[in-house]
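Report on the following structure.
Residue numbers (the numbering used here): -1 to 86.
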């Protein structure tokens, strides 16, 4: 949203909304009860990548190609490995 405001001339409230979204993105992760913040942050990264592809498709009207979907899927598999792998 900040990109749209600064780079594509959207109204200022797009920038405000983007700033609020970024702040929430940073704060929400701290409320997770998962024992390792690094793993939670990695999971957020994977989800962010998938949501970025969806944002580009839905908002920017850039249809994802096969490699976009494969890459997003690989990210989600990585998230699953990071979060769900058996550990001692």
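Note that beta-carbon positions come from the ideal geometry of N, C-alpha and C, so glycine has one too.
Chain-order list of residues whose beta-carbon lies under 7 Å from that of residue 41 (same chain, five-residue window excluded) = 77, 80 and 81
Could you check if residue 44 is buried or exposed, using at least 16 other CB atoms within 10 Å of its CB as the buried criterion?
-> buried
What's the gap between the Cα of residue 67 and the Cα of residue 47?
-> 10 Å
Between which two residues does the alpha helix (DSSP H) carrying residue 32 extend?
-> Here residue 32 belongs to no alpha helix (DSSP H), and DSSP marks it neither H nor E.
Given residue 12 as reference, the closest of 60, -1, 6 and 59 once Cα atoms are compared = -1
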